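J.: Residue numbers (my numbering), protein chains in the order written: chain W, -18 to 399; chain S, -18 to 399.
#1: On the premise that residue -16 of chain S lies in contact with residue 22 of chain S, defined as a C-beta separation below 8 Å, what is that separation, rounded to the nearest angstrom?
#2: Name, please, each residue of chain W whose Cβ falls closer than 9 Å to the Cβ of residue 238 of chain S.
#3: When you compare the segment 235 to 255 of chain S with the segment 376 to 385 of chain S, are there three or more beta-carbon pairs, one atom per stretch, that lie closer than 8 Å?
#4: Under 7 Å, CB to CB, which of the residues in the segment 264 to 276 of chain S have a partner in chain W?
#5: Name the residues in the segment 164 to 180 of chain W whose C-beta lies less than 9 Å from a C-beta of chain S; which are they?
#6: Let's test the definition: count the other Cβ atoms within 10 Å of the Cβ of residue -18 of chain S and tell me whether it reaches 16, buried, or not, exposed.
#7: Could you work out which residues of chain W lie near residue 22 of chain S, taking near to mean beta carbons separated by less than 8 Å?
#8: Mind listing the chain S neighbours of residue 145 of chain W? Cutoff is C-beta to C-beta under 7 Å, in chain order.
#9: Are at least three pairs of beta-carbons, each pair with one atom in the segment 286 to 302 of chain W and one in the segment 326 to 333 of chain W, less than 8 Å apart?
#10: Assuming contact is defined by CB atoms lying nearer than 9 Å, are residue 192 of chain W and residue 4 of chain S in contact in what I supplied?
#11: Considering only residues of the segment 100 to 151 of chain S, which uninterrupted beta strand (DSSP E) runs meet the minimum length of 3 residues and lie entirely inside it, listed in chain order?
#12: Of all the CB atoms in chain W, is at least one closer than 9 Å to the CB of residue 400 of chain S?
#13: Measure from the alpha carbon of residue 272 of chain W to the alpha carbon of each residue in W:254, W:232, W:354, then state which is nearest.
#14: Reducing DSSP to helix, strand and coil, say where residue 68 of chain W ends up.
#15: What's the C-alpha gap between residue 316 of chain W and residue 69 of chain S?
#16: Can you tell me where the beta strand (DSSP E) with residue 157 of chain W in it begins and where it stops?
#17: Going by C-alpha distance, which of W:138, W:25, W:43, W:44 is nearest residue 90 of chain W?
#18: Thinking residue 102 of chain W and residue 143 of chain W are a contact (beta carbons under 8 Å), I'd like their distance in whole angstroms, please.
#19: Within a Cβ cutoff of 6 Å, which residues of the same chain sit near residue 56 of chain W, ignoring the five residues on either side of it in sequence?
#20: With residue 58 of chain W and residue 188 of chain W assumed to form a contact (beta carbons below 8 Å), what rounded beta-carbon distance in angstroms separates them?
#21: Are residue 78 of chain W and residue 49 of chain W closer than 9 Å when you measure CB to CB?
#22: By Cβ distance, which residues of its chain are closer than 8 Å to residue 126 of chain W, with the 5 residues on each side in sequence left out?
#23: Under a three-way DSSP split, which group does residue 462 of chain W fall into?
#24: Please compile the residues from chain S whose C-beta is within a distance smaller than 8 Å of the C-beta of residue 52 of chain W.
#25: Between W:232, W:147, W:29, W:357, which has its C-alpha nearest residue 213 of chain W's C-alpha?
#26: Rounding to the nearest angstrom, what Cα-Cα distance links residue -1 of chain W and residue 81 of chain W in this structure?
#27: For residue 358 of chain W, does the count of other Cβ atoms within 10 angstroms reach 16, so buried, or fall short, so exposed?
#28: Apart from the five residues just before and just after residue 130 of chain S, which ones in its own chain have a Cβ nearer than 7 Å to its Cβ?
#29: Once the 5 residues before and after residue 97 of chain W are set aside, which same chain residues still bring their CB inside 7 Å of it?
#30: Do you know how far the Cα of residue 347 of chain S is from the Cα of residue 339 of chain S?
#31: Kindly indicate which residue of W:336, W:104, W:115, W:2 has the alpha-carbon position closest to the one of residue 20 of chain W.
#32: Does any CB atom of chain S fall closer than 9 Å to the CB of residue 127 of chain W?
#33: Under 9 Å between beta-carbons, which chain S residues line up against residue 154 of chain W? List them in chain order, please.
#34: Please name the residue in S:335, S:196, S:372, S:373 whose C-alpha comes closest to that of residue 264 of chain S.
#35: Where are the alpha helix (DSSP H) runs, 4 residues long or more, that stay fully inside the segment 164 to 196 of chain S, in chain order?
#36: Given a threshold of 16 other Cβ atoms within 10 Å of its Cβ, counted over all protein chains shown, does residue 54 of chain S qualify as buried or as exposed?
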């Protein structure tokens, strides 16, 4: 599929993240206005509340854009998703007769502040990238026991904390926690010293379900995707995670990119999961290409310093697709709701510079990274800005996600010393 | 504190669960009406929407009972909680001048259906009963390694699934899952064969927080308590839980009792946590008695059979209080919201008949229980009704919770064979 041209001419550049082929959904405000739903087109945002008010968008009578979140549209399901997308393409494409009505509903991106695009119902994080699981397992259990016995049979996941999900641009305060090193006699209360990122893609559930669903149904129920950074306190995690999994190590913040890239926009980029060393049980088997070819990268910018790319990888490195993860999530009968967010798990490629966490990039701190300034990094330092970037590259166009960024600020003085 | 008498005379019996000293909060409907908030008093429910409409309840102007959930009141905080309770006591106590206005707002419990009293924001389950953790650890790792190294230092918890929390009386369908026994070559897809209960108390967060809070602040932020049964698929859990904790094993259902017993009602029953073998770090230390003396029991009733009590214990057996759990939950900066539900963890006493799960009662299936009919049970059979009961016993009165019950119904035919 080639570029579809828009009368918003900035959208027609081959490397612009928001061409008419993309149309990602977000929530924005401008000075003195309340947050509302919008769609990115080139350097502009189409204000959907305003467009709906003019009558050029009408999805069946009832207003769809009264809430400053996408949950209502997400819950409507594929027929409404298609109708909205088709209408937006018609309104924004070159020579659209409605241009004069729509144009006053555009807002410059530079005038807009972006907010959470979705009210996250619940948040689940997976551990479904094979290179990541192998790297972490090798560090902790040795190369021979790197993958847990269940890993090739189920997408391992755990429930995270929806209340800690924040939108790109939100500062992240270094947490305190209970820490105990392998040579310490007793745990102590201290700021996290091994604060890390996890490069992930988040899938957003649209259509609710209430019982086991197939992989195909799961794929059908997914509304779209965001970049996701699951900030991780590795030292808190090491002490707390046995036997019931990560808890406070993962509850400080999870940052998502501000634009929901729809499944429709990503359709041309579908690709297969890797060959299976061990057959999956029938209910988890692939039933078509359900990963996407999305280039991903991570940059680190020290305070006042220069931004450097520290990792590059691709979403096709995942072992399990989001559809497989969602299907597995429902096997026990677990109800799923619009706004449920599923983190892919850290995405690492096979090579050293393709690793999606500092834990892996610095090999547990033993092989610090060297930045362009000559500074080194094992884990995140205060003032560092970490940014995830993602783009699928089509024929003369790019499907971008918008940066997923956060600056780590110094820990509080002891929050209990008062 | 003795019994406070009510003009609703059924509330004055010493063994009635809902005297004026209790006043637990729920949501109910009657035939043909929508769910709304109510308070239990003796055999009756006071319809708070109706009472508010008469003007006898006025918590500052804006109507408080328009939503069929208690979240709004919970979020208001201790001053409103006290004002409401004081007003309800004044309206319902013996010789209240408002009796003639209030009486038409009463509904017979037998005419009412009970619903979820709260919209659960997020659900966290802990593992904070020492006898339970010791029993389970002994079965899985041997007596010498029963407690994980971190257990005496932090209340171990993991995030559960809010969407699976249901109100007492809801049938629970036996789940399917991926299972692999220790002698199996490969996992298989099959109905859970080791379905279990967990006897717990759930604490409901009222006041939101956004950063680390002290144990005292945590106690102040808790609105009330419910009985909680965290249904658990032990065979699914055994295969999936390493390395990131339980996931689908705990996502079929969690049942809560229908009435929120407020902190105010439980105030006379406060008691201390057990003596500490190892000092807690300062921020987790007890700052007063924050457990409660609540008698708990579990009954099992086979389909068409006789209800038998299979365990009796007490909430004071917990090692960590809900306040300590909530404080720990915030240490990383995790935001907490009104409606967050914290399961205590399974409550077991030191003796065999005081164990809060079938896993412990049947010692992993090796020592099946014998029921009065002569039938035996290692785990739950289809048609079994499991009920948790709880009561704090005061001077001439009882603070009851209302039963927390659920019947396990047969698994679906293979949900993927279609």
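Note that CB positions come from ideal geometry on N, CA and C, so glycine has one too.
These figures come from a predicted structure and were not determined experimentally.
T.: A quick look at the data gives this:
#1: Rounded, the Cβ-Cβ distance is 13 Å, inconsistent with contact.
#2: Near residue 238 of chain S there are no residues of chain W at all, since even the closest Cβ is about 20 Å away, more than 9 Å.
#3: yes
#4: 264
#5: Within the segment 164 to 180 of chain W, 167, 168, 169, 170, 173 place their CB atoms closer than 9 Å to a CB of chain S, listed in sequence order.
#6: exposed
#7: Near residue 22 of chain S there are no residues of chain W at all, since even the closest Cβ is about 33 Å away, more than 8 Å.
#8: Taking a Cβ-Cβ cut-off of 7 Å, the neighbours of residue 145 of chain W in chain S comprise 315, 316, given in sequence order.
#9: yes
#10: no
#11: Listed in chain order, the complete beta strand (DSSP E) runs (minimum 3 residues) inside the segment 100 to 151 of chain S are 104 to 107, 138 to 140, 146 to 148.
#12: Chain S is shown from -18 up to 399; residue 400 of chain S falls before or after that span and cannot be answered.
#13: W:254
#14: helix
#15: 37 Å
#16: Per DSSP, the unbroken beta strand (DSSP E) holding residue 157 of chain W starts and ends at 157 to 160.
#17: W:25
#18: 7 Å
#19: Here residue 56 of chain W has 319 as same chain residues with Cβ atoms under 6 Å from its own Cβ, once five neighbours each way along the sequence are excluded.
#20: 5 Å
#21: In this structure, residue 49 of chain W does not lie closer than 9 Å to residue 78 of chain W by Cβ.
#22: 118
#23: Look at the range of chain W in this structure, -18 to 399, and you will see that residue 462 of chain W is not part of it.
#24: Per Cβ cutoff of 8 Å: no residues; residue 52 of chain W is ~14 Å from chain S at best.
#25: W:232
#26: Here the C-alpha atom of residue -1 of chain W lies approximately 21 Å from the C-alpha atom of residue 81 of chain W.
#27: buried
#28: none
#29: Closer than 7 Å at Cβ, skipping near neighbours: 8, 148.
#30: 11 Å
#31: Ranking W:336, W:104, W:115, W:2 by CA distance to the CA of residue 20 of chain W puts W:2 first.
#32: no
#33: Within 9 Å Cβ-Cβ: 192, 314.
#34: Nearest of S:335, S:196, S:372, S:373 to residue 264 of chain S, Cα basis: S:196.
#35: none
#36: Within a 10 Å sphere around the beta-carbon of residue 54 of chain S sit 16 or more other beta-carbons, which makes this residue buried.
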